[in-house]
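Trainee: Structure incoming, see below.
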Amino acid sequence: MNDIILLKLGEIVLKGLNRRSFEQKLMNNIKFRLQKIGSFRSYLMQSTVYIEPADEFADMDAAFEAMTRVFGIASVNRAAGCEKEPEAIARLAIEYLREDMLSAASFKVEAKRSDKRFPLTSIQLSQYVGGELAEAYPQCRVDVHEPELTVHVEVRDLAAYVHAAPTPGAGGMPVGSNGVGVTLLSGGIDSPVSTYMIAKRGVRLIPVHFFSFPYTSQQAKDKVVELAELLTAYCGRMTIEVVPFTHIQEEIRDKCPEEYFTLIMRRFMMRIAQRIAEANGARAIVTGENLGQVASQTMEAMASTQAVTELPVLQPLIGMDKEEIVRIARKIGTFETSILPYEDCCTVFTPKHPKTKPKLHEVAEIESALDIEALVDEAYCGIERIRVGYDE
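Everything in the sequence shown is counted per our numbering, starting at 1 for the first residue and increasing by one.
Below you can see the structure in the form of structure tokens.
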């Protein structure tokens, strides 16, 4: 029995003349992800990626789990292959799907044949394999409308394959196929989700974390590193840019009106993020902002924040409610880490009555009391870089 993983491509198949470049990026990501798991053969044919163990030590279970987190894949199928003969296909289905057939009350067979030289039509093959399965497992009745189990048979160029229901893939586009961005990664619930969502659109991301020691603890930084490590299951390896932010926040506290603290702080974050983006060839800044969630996320406040950068600011959570965000955080495994009680720099010197509808010229005038360029230079030169990976 030839044990194999079949990966069905997602929206890559809709691409035109540049489809090949997207496919190549996906194959590179798949091979890189498999490196630490074992030795595998992977190849692409007919909008399907085939992954086979290259030796007896290749961990197919771990490979299957890893492939469910690779962006660009619509579905992941654990399958078995055999020669392209009806009798061989039926025997394989009876053997390979034994546990599924014994536990199901009803089933049907769906067959597809991309190899048109195969002697049976798809309907004929479904009927034949279905009949053999019904005879082998009489306790499992045939139900073509609402079956508990759907048996999939695919006749392709190299072989025929049998599998049960596919597992949904991560979807989206291959990471790296749509350029590079900088993502602001705090220790909260929102920013890991926004990072995940933009990575899903094919963007390779550079996380930026603003660290205000001693006002925020080492545990707060460790928490962000852990969040980034969790995200690498989807985003691939990343290097966190940890920006020393204490001096900037103290200068804001000492020289600016309290109600403007958060606004001016976020403007500095954008300036530094743009500086990091320019140094790394990034073309956008990603934030976890959500309209109306907090005082700094009104339309006026966000306009003031974004006015200091020339880069597009991507805000995938802008129209979501908190329940939707939490649901995604749980799905990708970041929620439990995000709610650990170690606060980030956004909680430092929080004003009692923050300005919610600032005028841009007023904000610029107030922050003119600060040596903006020198503070940005100082913070940028003090960056600590931490490399994280799913296999670290």
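Every residue, glycine too, gets a C-beta built ideally from N, C-alpha and C.
Treat the numbers as computed from the prediction; the structure is a model and nothing was measured.
#1: Starting from the N-terminal side, write out each stretch of the alpha helix (DSSP H) that is 4 residues or longer and does not extend beyond the region 259-292.
#2: Report all residues from its chain with a CB closer than 8 Å to the CB of residue 142; omit the five preceding and five following residues, and keep chain order.
#3: What are the start and end residues of each continuous alpha helix (DSSP H) run of 4 or more residues lying completely inside the region 16-62, in chain order?
#4: State buried or exposed for residue 46, treating a residue as buried only when at least 16 other CB atoms are found within 10 Å of its CB.
#5: Looking at C-alpha atoms only, which residue of 314, 311, 304 is the closest neighbour of residue 365?
#6: Consult DSSP for residue 330 and reduce its assignment to one of helix, strand or coil.
#7: Whole-angstrom Cβ separation of residue 238 and residue 206, contact assumed at under 8 Å?
#8: Just the Cα atoms here: how many angstroms apart are residue 223 and residue 338?
#9: Since residue 179 sits in a beta bridge, which residues does DSSP pair it with?
#10: Using CA coordinates, which residue listed in 330, 291, 274 is at the minimum distance from residue 308?
#11: Less than 7 Å between C-beta atoms, sequence neighbours within five positions excluded: which residues of the same chain meet that for residue 31?
#12: Does the beta-carbon of residue 145 have 16 or more other beta-carbons within 10 angstroms, so that it is buried, or is it exposed?
#13: Around the Cβ of residue 191, are there at least 16 other Cβ atoms within 10 angstroms (buried) or fewer (exposed)?
#14: For residue 152, I'd like the list of residues in its chain whose CB is within less than 6 Å of its CB, leaving aside the five on either flank, ordered along the chain.
#15: Do three or more CB pairs link the region 163-175 to the region 48-60 at distances below 8 Å?
#16: Under DSSP, the alpha helix (DSSP H) around residue 367 begins and ends at which residues?
#17: Taking C-alpha atoms, which residue in 61, 194, 4, 186 lies nearest to residue 208?
#18: Identify, in the order they occur along the chain, each residue of the same chain with its Cβ nearer than 7 Å to the Cβ of residue 75, setting aside the five sequence neighbours on each side.
#19: Please list the segments of the beta strand (DSSP E) lying wholly inside the region 176-253, counting only runs of 3 or more residues, in order along the chain.
#20: If we ignore side chains and look at the alpha-carbon of each, how far apart do residue 196 and residue 371 end up?
Mentor: From the atom records:
#1: 261-280
#2: Reading the sequence shown from its first residue, position 142 is the one you call residue 142. So the list reads 106, 107, 108, 130, 134, once near-sequence residues are dropped.
#3: 19-34
#4: To locate residue 46, count along the sequence shown from 1; it is residue 46. Residue 46 is exposed by the Cβ-count criterion.
#5: Within the sequence shown, numbered from 1, the residue matching residue 365 stands at position 365. Minimum Cα distance to residue 365 is reached at 304.
#6: Within the sequence shown, numbered from 1, the residue matching residue 330 stands at position 330. Residue 330: helix per DSSP, three-state reduction.
#7: On the sequence shown, residue 238 is found 238 positions in, with the first residue counted as 1. On the sequence shown, residue 206 is found 206 positions in, with the first residue counted as 1. Between residue 206 and residue 238 the Cβ distance is about 7 Å, and since that is below 8 Å, they are a contact.
#8: Start at 1 with the first residue of the sequence shown, and residue 223 comes out as number 223. Start at 1 with the first residue of the sequence shown, and residue 338 comes out as number 338. Using only the alpha carbons, I get a separation of about 8 Å.
#9: Translated into positions along the sequence shown, residue 179 becomes position 179. For residue 179, which the question treats as bridged, DSSP gives no partner whatsoever.
#10: Here residue 308 is taken as the residue at index 308 of the sequence shown, counted from 1. The option with the nearest alpha carbon to residue 308 is 274.
#11: Mapped onto the sequence shown, residue 31 falls at position 31. Closer than 7 Å at the Cβ level, and outside the excluded window around residue 31, lie 42.
#12: Position 145 of the sequence shown holds residue 145. Its Cβ having fewer than 16 others within 10 Å, residue 145 is exposed.
#13: Sequence index remark: in the sequence shown, residue 191 carries index 191 (1-based). When all chains shown are included, residue 191 counts as buried.
#14: The sequence position of residue 152 within the sequence shown is 152, counting from 1. These residues qualify, in order along the chain: 110, 163.
#15: no
#16: Indexing the sequence shown from 1 puts residue 367 at position 367. Per DSSP, residue 367 belongs to the alpha helix (DSSP H) from 360-367.
#17: Position 208 of the sequence shown, counted from the first residue, corresponds to residue 208. The shortest Cα separation from residue 208 among 61, 194, 4, 186 belongs to 186.
#18: Start at 1 with the first residue of the sequence shown, and residue 75 comes out as number 75. Taken in chain order, the residues that qualify are 8, 166, 167, 168, 169.
#19: 180-184, 204-211, 238-244
#20: By 1-based counting over the sequence shown, the position of residue 196 is 196. By 1-based counting over the sequence shown, the position of residue 371 is 371. The alpha-carbon atoms of residue 196 and residue 371 are separated by roughly 35 Å.
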